[in-house]
Amino acid sequence: MTPGPSTNGSVAARPIGNIPFSPDRLNNSNKPAAPSDPIATTGGQWKQLSFFDKDEILQSSSITAQVATALETWLQAYNNRVTYIKQMRRKAILFTIGEEDSATPTLKVWNVEKSVVEVDKPPVLIQTKKISYKAKVFPVTAFAALESMAQIAIGLENGVVIVYRGDLSRARQVKTVVVHEGSETVTGLGFHEDGSEITLYIITLAKIIACVTTNKDTKNVLEEQGTEIGLSAATPNDQTQEMAMACDEVGEKTLLTWFRGYLVLVSKECPLRTNVLTEFGNASESSVISEHKSSADHMWSTGAPTPGHVLTIYDLKSKFIAFKGSFGTRRFDASVGTAVGEPIHHVLVEWGDLYIITKENKIFRLHETDLDSKLSLLYAKHMYNLAISIMTYPPTMIHTIGVKTDFGTRTAISGTTDASTNKPDEAADSVIMDIHKRYGDYLYDRGEFDLSVRQYIKTIGHLEPSYVIRKFLDAQRIYNLTAYLQALHDHQLANPSHTTLLLNCYTKLKDVNRLDAFITNPKLLFDVETAIRVCRQAGYFTHALKLAARFEQYEWHLRVLIEDLQQYDEALVYLAKLPRHQQIKRALPMYGFVLVKHRPRRATEALVRACTVSVPSKQGTTNDALAQTSTLVASGGLVNGATGPTLSVTTESVNSEELAQPQDFMPFFVDQPVWCITFIESVLFKRWNVAKDILGTESLNITSADQTASAGFLDDSDSNNRQILWDTLLELLLSQLSEDLKKEPSPTQLQAKPSWSKRIMALLKNTQATLVLCKTHNFNDGILFLLQRLGLYHDYLDFHIHRGEDALVLQTCQSFGDVEPSLWTKALTFFIEKGVYSSKRDEQDGSVEKSAQCNLLQVLDQIQKRKLLSQLQIVQLLSKNSNVTLGMVREFLIKSIEIDTASINESQQLISSYQEDTAKMRLAIAELESGSVTFQSTRCDLCRQQLELPTVHFYCKHAYHHRCLGDADQECPKCAPEHRMVQELVRAQRLNSKRHEHFVQKLGEGSEYEDKFSLIAEYFSKNIFAE
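Going left to right, the sequence shown walks through residues 1 to 1027 as full-length UniProt numbering numbers them.
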């Protein structure tokens, strides 16, 4: 039991077991239960404050009579006095107990619903019960009822407790049960509900009994001490339904009641001691007030006025006295030899106030001050803990209207439930936080920094963290700052700046244990990137790595391994475990270059794995390939024409859309050309299934179709990616070959050169870009190959002309002269100029001049056969070289003149024959137009029989029977086909005369007409241009 304070600071208390309100303690036990959580008595005092304002509102000599008259007028039910009235909270039901004329106690149940709505309407009587025991009448001393009205208990003066079971409000049959029979007067009753179990507490003058009315009325004595009538009361809370009682151990008590969550006690005299037994939560609390009796005896002996009744209001949760005051006086009357006056008659709770009615015909009202005034008083006294307790366990409804806090004004009113179970609402919580802030500021000003931090921690979520952080930024307060920041993270309200500050505190304190605990705590939420960044800056790389691993921060994990720890092997192992999209999107683009620089073998393997899907390896193993590449790198180049071997990388099966693009990784090999070759070849082989012999030493002429076939099924974008890779590989190989050739060749490199050429030739494709690469690196074999494939025969011929290769010039003309006859013309120009140079170089060597003359004549012969140039054009070209004499080309010119002469004669003969034919045709036409025609045919040209009339003769001298011709007698059947052919030719000529683009096309290059003049003459001969 918790003792109450005394006015002089002393305490006189005897521990008394509290009432065990849990019915579980009543089972199988007939002994008094031990205290569940006794609180030791101490010599300290409870704080006494004034939270109530006292004022007198009414003074009348007939106040009691007026109240009684009004009640009797309203009820009109009892002929004698009314002893008990109880209004149910949840229903409009009123229970009354009064006495009839025969002084028989009577219980009446009223329905006051209509009376509440209409003032003039009287209540409706539902049921009446006469109260008696064994046909005898005893006064009623206690009354209790469940809010559900399932049970009603009545205590009698003879120690009997009667329980009515059933709903009395419905006028149904109710069962009456006597649950207790004793010798002591019943002074108090109270129900306690715990689920379906109902316990009735019976208080007598000598003991306290618990009776489980739902379990065969099992009884158990809880305390061997009772109390007087009016000194026990049930709590106003419907949920807990607990009991409180006062005993006259020190001083006389007259009344005990509840006002909201406050306990109100009226005492007659001092010294006063009050034991209040109750239970709130897990603790039992009582208040004891005592004073020295000697001082009171002194006042009585002298006849001086002494205090009358003292009314004290206790807050048992917060453990303070909310009000204490005297009402009336007790004066010693020497004439009668005793004290006179009974100040307090009753205490009423109504309209939110406490009303005190005295027998001196006065009514006093105690009005509770508002919350703002209470807090202002507590702030002034620096009683912050009490202010927090009042807000946390309010004895009454918390009115927070107008209560100002540092977090802004919150206006709200809590619900209307009982104050003893109220939990702080949002507005009350804001006030509590304001109290904690004020308390923290007060402690901070006093230099109690550790205690102030505890208060600030409680404001987390309401008070801006920067307000507290600024107070503890001093280096000497780093421990306090760390505690606050840690709490901020525990509440999951920290931002990245707070995380940075906390980790900096840990690192400056070098508190590795707390840093480890912070990192490994699964309940903490903080900005991971900020934490990693701070750990890196402070040199705690291992902790940064743990954070990155725990929260799967792939990028930060690799950053710490590579940039801070330089653990490249571990980074590659970790990289291999990452999802493919993480490797492609973030990891490899960021750290591929560094990894290739420091760990080229394993980095190349990782890059190949990111670009390829699962393809069965056909040749070699990873270790063999990498070992060969390492050898190549160590030797400073490629040996024996071999390239970096293809890596055998095991990859998971993925969608082609998830593959990385190899060209994105090529910049990583800027200083590693050999490994770049290895990477490209491996990707080509594994991703596009490019044949190994193409990548190897066997020379193949690969066309675009061959390439597509070797690559399998490709879409346009993937085919383009392969093209880029192919060209890059070719460029790298050409660069390596060019560098090797610039160096002083060793015997091994000289031996490897033919293999190099074959290998590069296998990669060549018919593209202009490939041709540019070959020209850039002076790879002649590739240049000639591509010029031939691209059909650039003039460039092919120019290549040999620039190199002065006479035989290859002739060979080129012979190979491609049929496709491109103009090559012979270019060769003629070359040999004419060549003759000049050769004569200057070898004036005494006749063999060179003879060879030049032979080549020149051979070219002239082909030009003559193909009729590429006229004799005049040839002579003009030959005249440009003074060293080419007429004797050198004498035979060619004679032969050309003979051919031309023969052609002229042939043309003249053809002209003469055309002229003769034309003259004959004109003569025939003239005869037909002017002369007569004699028809001498005797037979039909169709049936070959003798002509008989009627006959048909045509100008062509053909004759027919009319019956043989039928309707087709307009033209000669034999000559008609020839005539139609001529007509079609004429029609075609007329049609072609309008198709100018067709004529221009025939004149253009590449047409089948080599002699353009002959084509024009042909068009004129057909009279096409007549119109």
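Every residue, glycine too, gets a C-beta built ideally from N, C-alpha and C.
In this text the structure is predicted, and so the values were computed from the model without any measurement.
{"Asked": "Are the CB atoms of L265 and A246 within a distance shorter than 8 angstroms?", "Found": "yes"}
{"Asked": "Compute the beta-carbon to beta-carbon distance between I562 and V528, rounded to the nearest angstrom, for a pair I have assumed lies under 8 angstroms.", "Found": "Not quite, the Cβ-Cβ distance comes to about 19 angstroms (not below 8 angstroms), so this is no contact."}
{"Asked": "Only counting the same chain, and skipping five residues up and downstream in sequence, which positions put a Cβ closer than 8 angstroms to that of Y796?", "Found": "L784, L787, Q788, T812 and F816"}
{"Asked": "Quick one: which unbroken beta strand (DSSP E) runs of 3-plus residues sit fully inside the stretch 148 to 176? Chain order, please.", "Found": "151 to 156 and 160 to 165"}
{"Asked": "With distance defined between alpha-carbon atoms, name the residue in R89, V109, N721 and K91 nearest to I97.", "Found": "V109"}
{"Asked": "Just list the beta strand (DSSP E) runs in the stretch 184 to 225, keeping only unbroken ones of 3 residues or longer that don't cross its boundaries, in chain order.", "Found": "186 to 194, 197 to 204, 208 to 212 and 218 to 223"}
{"Asked": "Return the Cβ separation of T106 and I126 in integer angstroms, given the expectation that the two are a contact with Cβ distance under 8 angstroms.", "Found": "The Cβ separation is near 13 angstroms, so there is no contact."}
{"Asked": "Among residues of its own chain, excluding the 5 on either side of E555, which ones have a beta-carbon nearer than 6 angstroms to its beta-carbon?", "Found": "R586"}
{"Asked": "Does the beta-carbon distance from L737 to T770 come in below 8 angstroms?", "Found": "no"}
{"Asked": "For the candidate residues E197, L200 and V186, whose alpha-carbon lies nearest to that of I229?", "Found": "V186"}
{"Asked": "Thinking just about the alpha-carbon of each residue, which of A322, T218, G188 and L94 is nearest to the one in residue 1050?", "Found": "Nothing about residue 1050 can be read from this structure; the chain reaches only from 1 to 1027."}
{"Asked": "Take the Cβ of T204 as the centre, count every other Cβ of all protein chains shown within 10 Å, and call the residue buried at 16 or more, exposed below.", "Found": "buried"}
{"Asked": "I356 and T254: beta carbons closer than 8 angstroms?", "Found": "no"}
{"Asked": "List the whole-angstrom C-beta distance separating A142 from L200, where the pair is believed to meet the contact cut-off of C-beta under 8 angstroms.", "Found": "Actually they are not in contact, since the Cβ atoms of A142 and L200 sit about 11 angstroms apart, beyond 8 angstroms."}
{"Asked": "Are V534 and A548 touching if we call contact CB-CB under 8 angstroms?", "Found": "no"}
{"Asked": "Would the stretch 954 to 967 count as touching the stretch 933 to 946 if we require 3 or more Cβ pairs under 8 angstroms?", "Found": "yes"}
{"Asked": "What does the alpha-carbon distance come out to for the pair Y456 and V468?", "Found": "7 angstroms"}
{"Asked": "Please classify L910: is it buried, with 16 or more other beta-carbons within 10 angstroms of its beta-carbon, or exposed?", "Found": "exposed"}
{"Asked": "Among T825, E891 and L857, which residue has its Cα nearest to the Cα of K867?", "Found": "T825"}
{"Asked": "Could you check where the beta strand (DSSP E) with residue 1030 kicks off and where it finishes?", "Found": "The structure shown does not extend to residue 1030, since the chain is modelled only from 1 through 1027, so no value can be given for it."}
{"Asked": "With a threshold of 7 angstroms on Cβ separation, who are the neighbours of I724 within its own chain once the five nearest residues in sequence on each side are excluded?", "Found": "Q663"}
{"Asked": "Starting from V140, follow the beta strand (DSSP E) in both directions and report where the run begins and ends.", "Found": "V140 to A145"}
{"Asked": "Between K319 and chain C, is any beta-carbon pair separated by less than 8 angstroms?", "Found": "Checking the listed chains, one finds no chain C in this structure; it contains a single protein chain."}
{"Asked": "Which partner residues does W110 have in the DSSP bridge list?", "Found": "L94 and L125"}
{"Asked": "Does at least one heavy atom of the ligand SAM sit under 7 angstroms from the Cβ of L222?", "Found": "The ligand SAM is not part of the structure shown, which contains no ligands of any sort."}
{"Asked": "Pull up the distance between the alpha-carbon of F320 and that of F518, whole angstroms please.", "Found": "42 angstroms"}
{"Asked": "According to DSSP, which residues form a beta bridge with F665?", "Found": "In DSSP, F665 forms no bridge with anything."}
{"Asked": "Mark E368 as exposed unless 16 or more other C-beta atoms lie within 10 angstroms of its C-beta, in which case mark it buried.", "Found": "buried"}
{"Asked": "How far does the beta strand (DSSP E) with S232 in it extend, from its first residue to its last?", "Found": "S232 to A234"}
{"Asked": "Just grab the DSSP bridge partners of Q915 for me.", "Found": "DSSP, once it has assigned bridges, lists no residue as partnering Q915."}
{"Asked": "Measure the alpha-carbon distance for N521 versus L451 and round it to whole angstroms.", "Found": "26 angstroms"}
{"Asked": "Have a look at R602 and K471 and give me their C-alpha separation to the nearest angstrom.", "Found": "54 angstroms"}
{"Asked": "Have a look at A807, C975 and L790 and flag the residue whose alpha-carbon is nearest the alpha-carbon of S851.", "Found": "A807"}
{"Asked": "In the DSSP assignment, what are the bridge partners of E56?", "Found": "F364"}
{"Asked": "Using the beta-carbon count (16 or more within 10 Å), is A711 buried or exposed?", "Found": "Here the model assigns A711 a pLDDT of 41, short of 50, so the residue's position is not dependable, and the following value carries that caveat. So A711 counts as buried."}
{"Asked": "For F1013, I'd like the list of residues in its chain whose CB is within less than 8 angstroms of its CB, leaving aside the five on either flank, ordered along the chain.", "Found": "none"}
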